[in-house]
Amino acid sequence: MLENRSGNSSAIHIPPATGSSIINIGTGERIASVLGGLALASLGVRNMKNGKGIALLLGGGYLLTRGLVGYCAVNRALQRNTVSKNASAIQVSRAFTINKPRAEVYAYWRKLENLPRFMKHLSEVKETDATHSHWTAAIPRGLGSVSWEAEIVEDRPDEYIFWESLPGSTIDNAGEVTFKDAPGQWGTEVHAIISYRLPAGDVGALAAKLINPVVELLIQEDLRRFKNIVETGEIPTAEGPSGRLQDKVRSKLKKFKQSYQHHNYEGPMLERH
0 MLENRSGNSS AIHIPPATGS SIINIGTGER IASVLGGLAL ASLGVRNMKN
50 GKGIALLLGG GYLLTRGLVG YCAVNRALQR NTVSKNASAI QVSRAFTINK
100 PRAEVYAYWR KLENLPRFMK HLSEVKETDA THSHWTAAIP RGLGSVSWEA
150 EIVEDRPDEY IFWESLPGST IDNAGEVTFK DAPGQWGTEV HAIISYRLPA
200 GDVGALAAKL INPVVELLIQ EDLRRFKNIV ETGEIPTAEG PSGRLQDKVR
250 SKLKKFKQSY QHHNYEGPML ERH
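The sequence shown lines up with residues 0 to 272 when you count with numbering that gives the first Met the number 0.
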């Protein structure tokens with residue numbers, strides 16, 4: 000829970016695990032399912048004349064789908080997971096005061112296409128209608144990009160925004176921002192909570208472990224940049240008072256890129272350029 004100065008608290012929304020985040024079959028089991036599915040499908044094709052072919056094809060199709068998608072309904076019902084690690088969530092929360100009227104601060108954030116102006120981990124947000132939008136995030140150091148669809152679930156003008164990615168997204172994302180008048184007419188108190196969940200699976204677990212610290216640092220800077228751009232209308236050029244944060248980001252990115260190259264990471268979440 001995040002408590003504000005008035006003593007109220009707001010729930011922290013972690014994006015629900017959907018799509019690739021609910022992979023519950025490990026790599027070895029997925030390979031076995033694919034091979035078994037191919038074998039059954041091949042037998043099915045050869046036995047179409049004696050009545051067994053259709054059943055074999057259906058069984059083979061199920062195993063193929065199970066292996067390729069990485070999800071098993073039986074595993075979930077039994078709460079069984081053969082993946083080495085579950086998907087890991089990134090969650091960053093910040094509270095700060097902006098010396099601008101609440102309506103103005105809210106309006107800037109509510110126009111989601113403004114977000115990439117201060118959120119440098121986002122390359123584009125395109126609003127497709129009043130509540131839906133298409134998001135594209137850049138993987139640090141030119142390692143690719145990932146896109147997803149999101150929906151504004153709750154919107155109280157000048158007070159509160161809550162959005163989350165649509166079910167089945169490659170990356171699960173959620174965010175909520177609360178806007179309140181600061182005490183003594185000193186502008187607007189902003190409470191922002193941003194959450195991401197990378198895909199599950201062996202590769203997803205590796206990516207989460209390596210990239211989460213980088214994204215957390217970038218989001219912290221994004222929120223600081225939001226305050227600057229709303230107050231001054233300009234994007235700050237200095238990324239930190241002493242460059243310590245930039246040094247941390249560079250260190251994390253270097254480690255991530257080395258591991259990325261070592262593991263030849265080509266997961267479905269990335270769109271390579």
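We treat Cβ as the ideally placed atom computed from N, Cα and C, and that holds for glycine.
Could you round the C-beta distance between residue i and residue j to whole angstroms and report it? I think they count as a contact, below 8 angstroms.
i	j	result
T187	P100	7 angstroms
L55	L42	5 angstroms
I192	E215	Actually they are not in contact, since the Cβ atoms of I192 and E215 sit about 13 angstroms apart, beyond 8 angstroms.
A173	S194	5 angstroms
Residue i lies in the beta strand (DSSP E); which residues open and close that run?
i	result
E103	That residue, E103, is in no beta strand (DSSP E); its alpha helix (DSSP H) goes 101 to 109.
H121	The displayed chain sequence assigns Leu, not His, to residue 121. Residues 121 to 126.
G174	171 to 180
E163	159 to 164
Taking DSSP as the reference, what is the three-state secondary structure of residue i?
i	result
V202	Its pLDDT being 47, under 50, V202 is placed unreliably in this model, and the value from its coordinates should be taken loosely. If DSSP states are grouped into helix, strand and coil, V202 belongs with the helices.
D221	helix
G43	helix
N98	coil
G186	coil
G143	strand
E153	strand
E233	coil
S19	Only weak support is given to the placement of S19: the predicted model assigns it a pLDDT of 48, under 50, and the value that follows is read from those uncertain coordinates. Helix at S19.
K135	Just to set this straight, residue 135 is Thr in the shown sequence, not Lys. Residue state, collapsed to three classes: strand.
G60	helix
A191	strand
Distance check for residue j and residue i, CA to CA, integer angstroms please.
i	j	result
K179	F161	15 angstroms
R224	V33	47 angstroms
L217	L121	10 angstroms
H190	S132	22 angstroms
V104	K125	20 angstroms
W185	T64	57 angstroms
I170	A137	12 angstroms
Q90	L165	18 angstroms
L222	A129	24 angstroms
E148	W134	6 angstroms
R52	A40	The amino acid occupying residue 52 in the given sequence is Gly; Arg does not appear at that position. In a straight line, the C-alpha of G52 is about 8 angstroms away from that of A40.
R109	S144	24 angstroms
G167	N113	25 angstroms
N98	T127	31 angstroms
For the alpha helix (DSSP H) containing residue i, list its first residue and its last residue.
i	result
P115	114 to 117
Just to confirm, is the Cβ distance from residue i to residue j under 8 angstroms?
i	j	result
E163	E150	yes
I234	F117	yes
V229	Y107	yes
Q219	R93	yes
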